[in-house]
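Taking it in order: structure first as structure tokens, then the write-up.
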Amino acid sequence: MSLGEPWVFPEIRLSLPEWVGAALPPPGHRYATDGEKMGLAIALSRLNIEHGTGGPFGAAVFEATSNTLLAPGVNLVQQLGWSGAHAEMVALAMAHKRLGQLDLGADRQVVYELFSSTEPCAMCMGGILWSGIGRLVCGATDRDAQAIGFDEGIKASDWVEQFRRRGMDVKQGVCREEAVSVLNAYQRQGGLIYNGGGAVRPSDCTC
Ligand SMILES: [Zn+2]
1337 MSLGEPWVFP EIRLSLPEWV GAALPPPGHR YATDGEKMGL AIALSRLNIE HGTGGPFGAA
1397 VFEATSNTLL APGVNLVQQL GWSGAHAEMV ALAMAHKRLG QLDLGADRQV VYELFSSTEP
1457 CAMCMGGILW SGIGRLVCGA TDRDAQAIGF DEGIKASDWV EQFRRRGMDV KQGVCREEAV
1517 SVLNAYQRQG GLIYNGGGAV RPSDCTC
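Structure below.
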């Protein structure tokens, strides 16, 4: 841009890949168990790498009383060219927009729960707290993500306790092996590891 020209900024549009709708059961489907809900988050993570639309992470927001899906999410970092487009953030953005509600915990009678194929990174932990989500369920662990080179950021070792102290129910390790199999498939296919400040390779991990 040369001197004297007006500022021009891009429009940022967040939308899910076209294949997502076809991967979901009909609206109103009632999920019977945490395993079934996590199965959806993991299926989204797997399909995301099979379709080449992003990293190996999926998430979904459910309404806990009716056990119905409110909003799916997949990692769109590469597709959008935005480092913050993690699956959890995408699912939460879709949930806020679908409800027209910026605080998912505003109605104490309704609990929304986030299922994430891998435990949230430092950024998503903040996003989850601000969203008003009442329950978080995770598949693969921090270490599983770090094992293939992803940076989870600076997280307190007692983050689960801290979440619980703020009134959020947290459950870890649901269908972990299945979630890890997607991380490993991504590594096998040579998927891009896109950490800020340069890639952190597994050999760099100090854990
Ligand atoms: Zn994240």
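Quick note, this note's numbering runs 1336 ahead of the 1-based positions in the sequence shown.
Using N, Cα and C, we set each Cβ at its ideal position, and we do this for glycine too.
Since the structure is predicted, the reported quantities are computational estimates derived from the model, not experimental observations.
Contact under 7 Å by Cβ, residue i with residue j
i	j	result
F1451	M1504	no
N1531	D1487	yes
R1431	A1407	Per the sequence presented here, residue 1431 reads as Ala, with Arg not at that position. Yes, these two residues count as a Cβ contact at 7 Å.
E1424	A1395	yes
F1398	E1354	no
S1453	A1515	yes
P1392	V1518	yes
A1476	R1512	yes
G1390	N1411	yes
C1474	Q1508	yes
L1352	A1429	no
Residue i, buried or exposed, once every other Cβ within 10 Å from all chains shown has been counted against 16
i	result
R1382	buried
G1409	buried
R1434	exposed
D1573	Outside the displayed range of the chain (1337 to 1543) lies residue 1573, so it cannot be described from this structure.
R1501	exposed
F1499	buried
H1422	buried
L1339	exposed
V1356	buried
DSSP state of residue i mapped onto helix, strand, coil
i	result
Y1522	helix
K1491	coil
F1398	strand
A1407	strand
A1442	coil
S1338	coil
R1471	strand
R1502	coil
S1517	helix
L1450	strand
R1512	helix
R1349	coil
Sequence-distant residues of the same chain with beta carbon closer than 7 Å to residue i, five excluded per side
i	result
A1458	E1488, G1489, I1490 and K1491
G1468	D1439, L1440, G1441 and A1442
P1456	E1424 and I1464
A1427	A1395, A1396, V1397, A1407, P1408, G1409 and L1450
V1506	L1472, V1496, F1499 and R1500
Same chain, Cβ closer than 6 Å to residue i, five either side skipped, listed in chain order
i	result
I1348	none
A1359	L1383
D1478	E1455 and E1488
Y1522	I1385 and P1392
Extent of the continuous alpha helix (DSSP H) to which residue i belongs
i	result
D1370	D1370 to E1386
E1424	A1423 to L1435
W1355	W1355 to A1359
Endpoints, the beta strand (DSSP E) within which residue i is located
i	result
V1506	D1505 to K1507
L1416	Not the beta strand (DSSP E): L1416 falls in the alpha helix (DSSP H), residues V1413 to L1416.
Cβ neighbours of residue i in the same chain (closer than 8 Å, five flanking residues each side left out)
i	result
Q1525	I1385
L1376	L1360, Y1367, G1394, A1396, L1405, P1408 and F1451
G1371	V1510 and C1511
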